[in-house]
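**Q** Residue numbers (this note's numbering): 64 to 780.
Let me give you the structure first, and then I'll get to my questions.
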């Protein structure tokens with residue numbers, strides 16, 4: 064929302080009608096978001112009660128919190144208040160400081176206004192009254208019915224100190240009593256029948272304009288999580304059965320969303336485990352049919368069922384073939400049995416994980432595997448083994464630091480002491496200082512230096528395995544018997560030495576480590592200058608190094624050859640079998656041709672490359688899904704497969720920063736995102752003649768991500 068935008072849901076006639084103002088606030092890190100499912104449910108539940116609808120007017124505020132946006136948000140919210148009855152805030156770890164500061168300013172201006180906060184970061188965290196004594200009531204768990212009851216108490220008692228008796232009778236809250244003591248009432252039961260909650264989408268809670276102008280819409284089809292992962296608030300703190308919203312209601316709500324939402328809007332299905340119940344297949348089909356009917360293309364994202372099953376494969380295929388989703392999550396977090404036992408996590412079995420990778424590969428559906436670095440019990444050796452499992456199965460590992468989230472088992476003092484957990488309050492990512500969290504940086508099997516090394520490892524892993532040398536590393540690992548993670552480990556020093564004697568790359572690698580050691584030293588403006596505009600505020604060091612390496616075609620080839628030389632020099636003394644260098648160079652040419660997709664987003668120009676590589680090596684790459692599958696290739700008399708790489712014109716309009724991060728997160732795949740044609744080579748004339756095979760994507764590529772991609776399971780509850 065811009066400074067000229069009115070707050071979402073503003074009722075300009077509130078003062079004239081004499082109704083008491085109730086304001087609902089969410090501070091977000093997502094630009095372009097105007098819609099909040101939490102605020103919508105709070106308002107819909109309250110307005111469904113005739114006495115509250117008559118007595119109160121409701122105004123929703125969804126504003127960005129980063130940088131100068133926070134002060135602008137404060138001006139807008141405070142400017143909309145006129146003797147408010149209550150202001151309620153939804154709190155997450157990323158917006159807690161800004162939310163509590165805005166709440167303080169509200170209380171300072173309107174002392175009689177009730178400040179109510181809820182959300183998974185503050186639930187059962189009574190310490191908030193010490194941190195922010197201006198808070199009046201803390202709501203635990205689901206807030207819709209509690210907030211409705213609170214408003215009735217507030218209306219009956221103008222002064223907070225006179226409401227003690229009635230507040231004590233409300234379950235599921237904490238509040239400051241008249242004598243300054245924190246009072247916590249009995250736990251409130253969960254809402255058994257979600258159909259009793261009024262829909263914020265089927266009434267007037269959200270206007271068509273609110274929906275149409277929001278770049279992301281968060282939507283629930285069920286609530287609850289049957290798992291009890293110790294690092295996750297969702298299941299670890301609730302361990303609740305899945306409760307479902309009525310199917311007819313879901314169909315009607317989705318119809319309104321698809322009909323009104325703008326093309327390219329992200330629809331985030333915020334279920335804990337989408338695909339866990341059978342009807343999720345029907346929901347996916349319904350979304351596809353609605354998009355077809357309304358000629359819309361949304362980007363559907365979700366939290367896929369943790370113990371990924373065949374139903375997830377089916378749903379993913381439905382959405383992917385319709386061009387409505389990108390990569391699918393295969394959640395693992397760790398592949399080490401002891402680590403998973405400590406985390407109280409029932410993980411996907413390794414044999415099932417490999418089988419599902421094959422199934423997704425057969426449909427050409429990209430996957431990524433969430434891994435968390437820093438889980439108690441995980442050593443750097445077991446972590447690297449887990450990364451290798453993902454790579455060797457044809458997957459794309461995406462690694463997150465472990466965040467210590469409130470209300471999870473990992474936060475208990477005894478657990479922390481038993482495992483020697485040490486945390487640091489720092490950004491989840493040096494490039495985005497708006498996302499502060501308690502990050503686990505040490506435990507009994509991981510020193511701080513281990514942790515730092517593991518975080519730095521993510522850059523060569525992404526640069527070389529996902530961006531620049533995926534095929535080269537595959538062939539080298541297969542023939543030499545050296546694990547891909549160990550090859551990537553070797554390339555860490557290569558980058559630190561300048562990736563072929565480039566002082567800028569040396570500086571960027573050193574600065575990345577320094578940014579983790581000393582978060583306050585991060586120079587945002589300097590780093591953004593190396594990435595170019597528009598820039599997404601995430602993994603900026605990686606973006607800067609990648610842009611440096613691929614921005615010029617000749618320089619990209621230089622870095623690639625230098626990296627392969629570096630690996631050969633390291634492996635030859637070990638007596639390892641190595642591929643013929645000329646053959647491997649042809650594979651590297653394939654990787655470099657695919658890297659042209661990054662340049663398309665930098666320079667706005669499409670490229671075409673003709674090349675050849677040995678049939679056996681091409682088949683190896685196809686078997687692992689590194690290149691698109693399809694019918695057998697036409698082979699020349701020299702046993703070479705001839706390939707034409709064509710960067711689609713559409714890629715010239717896909718900004719570099721957005722695409723680079725889609726690759727980091729596992730949805731972008733350079734060798735699949737360029738057009739690849741197998742062509743027949745006439746060895747008598749040396750010409751490429753008739754095109755023999757074309758490997759199209761089964762669905763259109765997903766729309767570009769929003770300016771702040773949603774972190775994966777490892778970083779958000």
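The beta-carbon is built from N, C-alpha and C at its ideal position, and this holds for glycine as well.
In the DSSP assignment, find the unbroken alpha helix (DSSP H) run with residue 221 in it and report its ends.
**A** For the purposes of this step, residue 221 is identified with residue 158 of the chain shown, where counting begins at 1. Looking at the DSSP string, residue 221 is not in any alpha helix (DSSP H), and its letter there is neither H nor E.
**Q** Which word fits residue 488, buried or exposed, when buried means at least 16 other C-beta atoms lie within 10 angstroms of its C-beta?
**A** For the purposes of this step, residue 488 is identified with residue 425 of the chain shown, where counting begins at 1. Answer is exposed; the Cβ neighbour count stays below 16.
**Q** Thinking just about the alpha-carbon of each residue, which of 682, 731, 109 is nearest to the one in residue 719?
**A** Translated into the one-based positions of the chain shown, residue 719 becomes position 656. Nearest option by C-alpha distance: 731.
**Q** Skipping 5 residues on each side, what residues in its chain have a beta carbon closer than 6 Å to that of residue 299?
**A** Within the chain shown, residue 299 is the residue found at index 236, counting from 1. Residue confidence for residue 299 is low, a pLDDT of 43 falling below 50, so the modelled location carries little weight; the figure read from the coordinates is stated next. These residues qualify, in order along the chain: 291, 292, 293, 471, 472.
**Q** Quick test of your reading: residue 210 and residue 258, contact by CB under 8 Å. State the CB separation rounded to the nearest angstrom.
**A** Along the chain shown, one-based indexing puts residue 210 at 147. Along the chain shown, one-based indexing puts residue 258 at 195. At roughly 19 Å, the Cβ-Cβ gap does not stay under 8 Å, so residue 210 and residue 258 are not in contact.
**Q** Measuring alpha carbon to alpha carbon, tell me which of 572, 445, 133, 685 ends up nearest residue 399.
**A** If you number the chain shown from 1, residue 399 lands on position 336. Taking only the C-alpha atoms, the option nearest residue 399 is 445.
**Q** Helix, strand or coil: which one does DSSP assign to residue 672?
**A** For the purposes of this step, residue 672 is identified with residue 609 of the chain shown, where counting begins at 1. In the structure shown, residue 672 sits in a strand (DSSP, three-state: E or B).
**Q** CB residue 484 to CB residue 491, shorter than 7 Å?
**A** Locating residue 484 in the chain shown gives position 421, counting from the first residue. Locating residue 491 in the chain shown gives position 428, counting from the first residue. Cβ atoms of residue 484 and residue 491: not closer than 7 Å.
**Q** Report the three-state DSSP secondary structure of residue 237 (helix, strand or coil).
**A** For the purposes of this step, residue 237 is taken as residue 174 along the chain shown, with counting starting at 1. Note: residue 237 maps to strand in three-state DSSP.
**Q** Residue 89 bridges to which residues according to DSSP?
**A** Here residue 89 is taken as the residue at index 26 of the chain shown, counted from 1. Residue pairing of residue 89 in beta bridges, as defined by DSSP: 125.
**Q** Are the CB atoms of residue 234 and residue 104 within a distance shorter than 7 Å?
**A** In the chain shown, the residue the question calls residue 104 occupies position 41. In the chain shown, the residue the question calls residue 234 occupies position 171. Between residue 104 and residue 234, the C-beta spacing is not below 7 Å.
**Q** Mind listing, in chain order, the continuous alpha helix (DSSP H) runs of no fewer than 4 residues lying wholly within the stretch 404 to 488?
**A** 413 to 425, 443 to 455, 476 to 482
**Q** Taking 7 Å as the limit between beta carbons, can you name the residues of its chain near residue 353, skipping five residues before and five after?
**A** Mapped onto the chain shown, residue 353 falls at position 290. 317, 318, 321.
**Q** Please report the distance separating the alpha-carbon of residue 296 from that of residue 163.
**A** Within the chain shown, the letter at position 233 stands for residue 296. Within the chain shown, the letter at position 100 stands for residue 163. Approximately 21 Å, taken between the alpha carbons.
**Q** Starting from residue 632, trace the alpha helix (DSSP H) both ways and give me its first and last residue.
**A** As a working note, residue 632 is residue 569 in the chain shown. Element bounds for residue 632: 616 to 634.
**Q** Compute the Euclidean distance between the alpha carbons of residue 624 and residue 706, then round it to the nearest angstrom.
**A** As a working note, residue 624 is residue 561 in the chain shown. As a working note, residue 706 is residue 643 in the chain shown. Approximately 20 Å between the Cα atoms of the pair.
**Q** Give the secondary structure of residue 244 by DSSP, where H, G and I count as helix, E and B as strand, and everything else as coil.
**A** Here residue 244 corresponds to residue number 181 of the chain shown, with the count starting at 1. Residue state, collapsed to three classes: coil.
**Q** Have a look at the DSSP bridge pairing and note the partners of residue 490.
**A** The sequence position of residue 490 within the chain shown is 427, counting from 1. Under DSSP, residue 490 shares a beta bridge with 499.
**Q** Using 8 Å as the cut-off, can you tell me whether the stretch 234 to 247 makes contact with the stretch 281 to 288, which would need three or more C-beta pairs spanning the two stretches below that distance?
**A** no
**Q** If the criterion is Cβ atoms closer than 7 Å, does the pair residue 150 and residue 180 meet it?
**A** Here residue 150 refers to the residue found at position 87 of the chain shown. Here residue 180 refers to the residue found at position 117 of the chain shown. No, the pair does not count as a contact, with Cβ atoms beyond the cut-off.
**Q** Output the distance between the C-alpha atoms of residue 217 and residue 160, rounded to the nearest integer angstrom.
**A** By 1-based counting over the chain shown, the position of residue 217 is 154. By 1-based counting over the chain shown, the position of residue 160 is 97. Computed Cα separation, rounded: 26 Å.
**Q** Which word fits residue 168, buried or exposed, when buried means at least 16 other C-beta atoms lie within 10 angstroms of its C-beta?
**A** Counted from its first residue, the chain shown places residue 168 at position 105. Exposed, by the Cβ-count rule.
**Q** Residue 735 to residue 727, Cα distance in whole Å?
**A** Translated into positions along the chain shown, residue 735 becomes position 672. Translated into positions along the chain shown, residue 727 becomes position 664. If you take the alpha carbons of residue 735 and residue 727, they lie about 15 Å apart.
**Q** Between residue 158 and residue 90, is the Cβ-Cβ spacing less than 7 Å?
**A** The residue labelled residue 158 in the question sits at position 95 within the chain shown. The residue labelled residue 90 in the question sits at position 27 within the chain shown. It is a contact, given that the beta carbons lie within the stated cut-off.
**Q** Determine the direct distance from the alpha carbon of residue 609 to that of residue 60, and round the result to whole angstroms.
**A** Since the displayed the chain opens at 64 and closes at 780, residue 60 lies outside it and no answer follows.
**Q** Excluding the five sequence neighbours on either side, which residues of its own chain have a C-beta within less than 6 Å of the C-beta of residue 675, listed in chain order?
**A** Here residue 675 corresponds to residue number 612 of the chain shown, with the count starting at 1. Short of 6 Å from the beta carbon of residue 675, and not among the five residues preceding or following it, lie these beta carbons of its own chain, in chain order: 703, 705.
**Q** Grab the span of the beta strand (DSSP E) containing residue 518 for me, first residue to last.
**A** As a first step, residue 518 must be located in the chain shown, where it is residue number 455. Careful: residue 518 lies outside any beta strand (DSSP E), inside the alpha helix (DSSP H) at 511 to 523.
**Q** So, are the CB atoms of residue 579 and residue 515 less than 7 Å apart?
**A** Taking the chain shown and counting its residues from 1, one reaches residue 579 at position 516. Taking the chain shown and counting its residues from 1, one reaches residue 515 at position 452. Yes, the pair counts as a contact, with Cβ atoms nearer than the cut-off.
**Q** Going straight from the alpha carbon of residue 270 to that of residue 98, what length do you get?
**A** Locating residue 270 in the chain shown gives position 207, counting from the first residue. Locating residue 98 in the chain shown gives position 35, counting from the first residue. Approximately 10 Å, taken between the alpha carbons.
**Q** Taking 8 Å as the threshold, find out whether the stretch 532 to 546 comes into contact with the stretch 494 to 510 through three or more Cβ pairs.
**A** no
**Q** When the Cβ atoms of the stretch 417 to 432 are set against those of the stretch 133 to 143, are three or more pairs found closer than 8 Å?
**A** no
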